[in-house]
Amino acid sequence: MPDSKLIPQYNYTVDDLAWVPAFIDDVKDYFFPRPEDDLLILRPNKVMHLNKTAMKMLQLLFEGQDAKSIVDHFVVAGAEEQVVLNDLAAFIDDLRNMVTGNQNIYTYRTAKIVPFGTGEIKYPVLSEIALTYRCNNACRFCYAHSPYRESKEMSTEEVKHVIDMIVDDAKVPSLSFTGGEPTLREDLFELITYGREKGLRMNLITNGRRCSSKEFVQRLVDAGLNSAQVSIEGPDAEIHDFIVGARGAFEQTVQGVKNLRETDIYTHCNTTICRPNRDHLEQLVDFLADELELTYFSMNMVIYTGTAAKLRDELQIKYSEIEEIVKRVKKRASKKGIQFVWYAPTPVCLFNPIAHGLGAKSCACCDGLLSVDAEGGLLPCSSFSEPVGNLLHEGFEQVWYNRASKFWRAKDFAPEGCKKCDKFDYCYGACPLYWDVHGFDEIKEFWSKGSKVKERIDEVRLNLRRRIRGDQHGIT
922 MPDSKLIPQY NYTVDDLAWV PAFIDDVKDY FFPRPEDDLL ILRPNKVMHL NKTAMKMLQL
982 LFEGQDAKSI VDHFVVAGAE EQVVLNDLAA FIDDLRNMVT GNQNIYTYRT AKIVPFGTGE
1042 IKYPVLSEIA LTYRCNNACR FCYAHSPYRE SKEMSTEEVK HVIDMIVDDA KVPSLSFTGG
1102 EPTLREDLFE LITYGREKGL RMNLITNGRR CSSKEFVQRL VDAGLNSAQV SIEGPDAEIH
1162 DFIVGARGAF EQTVQGVKNL RETDIYTHCN TTICRPNRDH LEQLVDFLAD ELELTYFSMN
1222 MVIYTGTAAK LRDELQIKYS EIEEIVKRVK KRASKKGIQF VWYAPTPVCL FNPIAHGLGA
1282 KSCACCDGLL SVDAEGGLLP CSSFSEPVGN LLHEGFEQVW YNRASKFWRA KDFAPEGCKK
1342 CDKFDYCYGA CPLYWDVHGF DEIKEFWSKG SKVKERIDEV RLNLRRRIRG DQHGIT
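In this note's numbering, each number is its position in the sequence shown, counted from 1, plus 921.
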């Protein structure tokens, strides 16, 4: 395979592409073609829109055909040989960009890169099931209000039924088990194995404490777990244990990460940026790179539901503050040679992640994400407590295409003042739950003049949502 530079733009020969079959053989297990909506998914959540020609090229590549055979296929159908060769070379270059993590959408030549949660897809890209809302931590920012949230839990067979729907009806290639703390479910290993048998890439979102046992981690390996995301909230026990509300948690979490990294389970850490850790994030990056020897890590913002809604004055970092923080983290990550991934949607008028090489981020409610709660309810996203339907009682398509789901997928929740913005398609007004708490003062100055009526509509909608969900989310 050639080096990582872009393939030069000239008229290619078959010999120029002799390396392609070996490259495809190396990477094809990471890709999931979905012809139902013309998508190519790089698991877990990178998405490329393909036209019919590109989808056919991909099919032939995955069948092991070389460049000459692929060119011959299209020439027989009436295409020009040189045009096919050039298109094939550019398409392979786009695939390589995806694999290497290139988030610059303007460097892709043959396909449209679809930011996660943009509303341009028929089926979800990612799925998650909250197996339980029980937890052995008590995080100050927990969106699920764990471990205090009262909730029933699906049986093993009910979870398997939902997994069947994720694969057969939702056509999603990846599944995360989350919570609460999913490692508290005794049937976790059985469910991981079941997901793998159904062809899913299985991920575990965990605080890592039970993974401090090597025996526990070996059972995850034996079950077939592909990857794990471990939450770590500070560079030392004082900060981490304070945020997660459990003394001794840091030591167990760190050992858990080390145990996971000794296996083939691909492991990274995620941090929720909040006021107690905002001044210690560079030290955390150093710790992740030097002590845990991670290749990449991710960060996100607090969403003010669950426990976080009650402690927002203690925790809050506003959109208008986040750019300076993220730039510091990214600079330190670059210095340490560790990849930084940013998860949180933000209004691009306040922080544009694309400009900083972090890719487009927008709300994925009932769109790129299929989020299932512990009782089988389909949530707009995991930070909501009100489902739009229940997969145990209704079919997937009945829930996914109902009126409530379509509301979220159409981005009808976005502030009216944002909808005329020429950059609206990049962020869709960011997180609706954020505005429920903070109002729109941070972004009003960016709205077009003469939008007082729209501003008033936003205020009425916001006050109505606050009234409906006020007690539940701590919004007053």
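Beta carbons: idealized from backbone N, C-alpha and C, even for Gly.
- Counting only residues of its own chain and dropping the five nearest sequence neighbours on each side, residue 933 has a CB closer than 7 Å to the CB of 1006, 1007 and 1010.
- Taken atom to atom, the span from the alpha-carbon of residue 1063 to that of residue 1325 is near 25 Å.
- For the 8 Å CB-CB criterion, residue 1236 and residue 1079 do not form a contact.
- Residue 1245 and residue 1267 have their C-alpha atoms roughly 13 Å apart.
- Across the set 1123, 998 and 1239, the C-alpha of 1123 shows the shortest separation from the C-alpha of residue 1047.
- Within the DSSP bridge table, the entry for residue 1049 names 1097 and 1292 as partners.
- As DSSP reads the structure, residue 1127 sits in a beta bridge with 1151.
- Shown here, residue 1283 sits in coil according to DSSP, grouped into three states, outside any helix or strand.
- Beyond the five residues adjoining it in sequence on each side, residue 1341 comes within less than 7 Å, by CB distance, of 1369 in the same chain, given in chain order.
- In the three-state scheme derived from DSSP, where H, G and I count as helix and E and B as strand, residue 962 is classed as strand.
- With a threshold of 16 other beta carbon atoms within 10 Å, residue 939 falls short and is exposed.
- Per DSSP, residue 1263 is one residue of the beta strand (DSSP E) stretching across 1260-1263.
- Beta-bridge analysis with DSSP links residue 1218 to 1190 and 1261.
- Around the C-beta of residue 1099, 16 or more other C-beta atoms lie within 10 Å, and the residue is accordingly described as buried.
- Residue environment analysis places residue 1318 among the exposed positions, since fewer than 16 neighbouring C-beta atoms fall within 10 angstroms of its C-beta.
- Where residue 969 is concerned, the enclosing beta strand (DSSP E) starts and stops at 967-970.
- The residue from 1205, 1345, 1307 and 1234 with its alpha-carbon nearest to that of residue 1273 is 1345.
- Residue ranges of uninterrupted beta strand (DSSP E) with 3 or more members, entirely inside the region 1055-1099 and ordered along the chain, are 1095-1099.
- The Cβ atoms of residue 1260 and residue 1217 sit closer than 8 Å to each other.
- Straight through space, the alpha carbons of residue 987 and residue 936 are spaced by roughly 10 Å.
- Partner residues in the beta bridge of residue 1311, as assigned by DSSP, are 1298.
- Around the beta-carbon of residue 1258, fewer than 16 other beta-carbon atoms lie within 10 Å, marking it exposed.
- At a Cβ-Cβ threshold of 8 Å, residue 1329 and residue 1308 do not count as neighbours.
- Taking a C-beta distance under 8 Å as the contact criterion, residue 1289 and residue 1042 qualify as a contact pair.
- For residue 1140, the enclosing alpha helix (DSSP H) covers residues 1135-1144.
- CA-to-CA, the gap between residue 1265 and residue 1221 works out to about 5 Å.
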